[in-house]
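Accompanying notes for the structure given below.
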Amino acid sequence: MKNLDVVIITGLSGSGKSTALRALEDIGYFCVDNLPVVLLPKFLSITIQSSPHIKRVAMVMDLRERSFVEKYRRIFERLKEKGYKIEILFLEATEDSLLRRFSETRRNHPLSVKGSTIMDGIQLEVEKLSSLRQMADKIIDTTTSNVHQLKDTIQRQFMPSSHQRKMIISVMSFGYRYGLPSDADLVIDIRFLPNPYYVEGLKNYDGHHPEVAAYVLDNTESKEFLKKATDMMNFVIPLYEKEGKARLTIAFGCTGGKHRSVVMANQFSSHFQTMKHIVHTTHRDINKS
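Each residue of the sequence shown is one higher than the one before, starting from 354 at the first, in this note's numbering.
Put into structure tokens, the structure is as follows:
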């Protein structure tokens with residue numbers, strides 16, 4: 354048996370394959386999008402030889418590669434015979450939900466041709482991938498899942514056993530000027546901290562800049578806040594986990610979402626990582642004027 358776990362993400366266009374790939378990347382998989390299936394044996398061989406530290410690989414393969422349908426079965430079976438552990442994850446959704454997603458994003462279906470409709474492309478893809486669906490090890494219907502729910506589902510199924518009982522924590526910075534984040538479980542207002550926006554030389558930087566971070570953190574109020582907020586997080590997070598909560602979203606807000614909230618989101622992301630949680634960090638409004 355080769356010392357490399359391989360997850361092939363495939364399925365219907367619009368079913369969330371890119372989201373699934375990012376979810377696996379967040380839990381330590383080396384990820385590749387749209388690798389031609391004929392290159393898979395060589396890619397795996399090179400990975401084992403040149404990057405032995407890589408133990409888990411995930412890649413999206415689908416009908417964007419025109420020869421995929423004709424070649425995948427023979428290649429997958431040959432790799433399994435050579436001792437590779439290959440798991441096929443097939444994502445799907447109802448035809449109506451896929452049509453709605455394509456309409457919302459104004460994208461053409463990859464199998465649509467001149468004179469055909471998006472629904473024609475969806476139905477043709479369902480037909481072409483029916484054999485692959487039967488071959489799949491896991492099938493996930495994403496019809497009723499949003500992005501966060503799909504990430505949770507994927508990570509719960511593929512997360513290493515050492516992380517199985519750890520909750521996924523999403524840390525977000527945002528600006529009150531642009532509204533409260535609708536998906537936050539905890540919202541922490543940090544507009545009481547000194548604002549770099551009013552400091553000449555710092556206004557045009559964001560919270561990632563070391564001088565901005567130093568200005569926000571190097572005062573009595575910030576240090577006391579960090580201590581008290583960290584104590585609170587250390588207390589409540591194990592209780593959320595005990596209740597079976599899969600994901601916790603914590604949002605830090607300042608006026609514009611560019612300085613103070615970014616600094617604090619980064620601080621707490623680092624703290625949660627030391628607690629061995631899977632942490633997603635986003636800065637919703639950092640690039641807004």
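For each residue, glycine too, the CB sits at the ideal point set by N, CA and C. Here the structure is a predicted model, which is why all the values come from computation and not from measurement.
So who's on the other strand from residue i, going by DSSP bridges?
i, result
"Leu-601", "Ile-522"
"Arg-385", "Looking at the sequence shown, residue 385 is not Arg but Val. Met-412."
"Thr-634", "Val-524"
"Asp-358", "Arg-409 and Lys-438"
"Thr-363", "Phe-443"
"Val-540", "Ala-604"
Taking the beta carbon of residue i as the centre, do at least 16 other beta carbons fall within 10 Å, making it buried, or is it exposed?
i, result
"Gln-508", "buried"
"Tyr-437", "buried"
"Tyr-425", "buried"
"Gln-402", "exposed"
"Gln-620", "buried"
"Tyr-551", "exposed"
"Met-586", "buried"
"His-406", "exposed"
"Ile-362", "buried"
"Ile-522", "buried"
"Arg-375", "buried"
"Ser-404", "exposed"
"Lys-629", "exposed"
"Ala-566", "buried"
"Ile-441", "buried"
"Ile-399", "exposed"
"Ile-492", "exposed"
Check this for me: beta carbons of residue i and residue j, under 8 Å apart or not?
i, j, result
"Val-540", "Ala-582", "no"
"Tyr-635", "Met-520", "The sequence as given places Thr at residue 635; Tyr does not occur at that position. No. Outside cutoff."
"Ala-599", "Asp-505", "yes"
"Phe-455", "Gly-560", "no"
"Leu-357", "Leu-393", "no"
"Val-413", "Asp-449", "no"
"Leu-452", "Met-472", "yes"
"Ile-639", "Gly-610", "yes"
"Leu-365", "Val-479", "yes"
"Tyr-529", "Thr-608", "yes"
"Ile-543", "Gly-468", "no"
"Arg-486", "Phe-443", "yes"
"Thr-627", "Val-500", "no"
"Phe-421", "Val-466", "no"
"Asp-494", "Glu-445", "yes"
"Arg-637", "Pro-534", "yes"
"Lys-641", "Tyr-531", "yes"
Grab me the residues of residue i's own chain with a C-beta within less than 7 Å of its C-beta, minus the 5 sequence neighbours each way, in chain order.
i, result
"Phe-429", "Ile-439"
"Leu-377", "Val-360, Cys-384, Ala-411, Ile-507 and Phe-511"
"Leu-388", "Phe-396, Met-412 and Met-414"
Take residue i and list the residues in its own chain whose beta-carbon comes closer than 8 Å to its own, dropping the five residues that flank it on each side.
i, result
"Val-569", "Leu-546, Pro-547, Pro-549, Gly-560, Ser-575, His-612, Arg-613, Val-616 and Met-617"
"Arg-431", "Pro-394"
"Leu-477", "Leu-464"
"Lys-556", "Pro-549 and Tyr-550"
"Leu-416", "Ser-366, Val-422, Pro-463, Leu-464, Glu-478, Lys-481 and Leu-482"
"Lys-408", "Asn-356, Leu-357 and Asp-358"
"His-562", "Leu-555"
"Glu-577", "none"
Cutting at 6 Å between CB atoms, please list the residues of its own chain near residue i, excluding the five before and the five after it.
i, result
"Phe-625", "Ile-522 and Val-632"
"Tyr-558", "Val-565"
"Thr-447", "Thr-496"
"Thr-573", "none"
"Gly-305", "Because the chain here runs from 354 to 642, residue 305 falls outside it and cannot be looked at."
Ranges of the beta strand (DSSP E) found wholly within the segment 421 to 498, counting only runs of at least 3:
438 to 445 and 491 to 494
What are the complete alpha helix (DSSP H) segments, minimum 4 residues, inside the segment 546 to 572?
Counting whole runs of 4 or more residues, the segment 546 to 572 contains the alpha helix (DSSP H) stretches 563 to 570.
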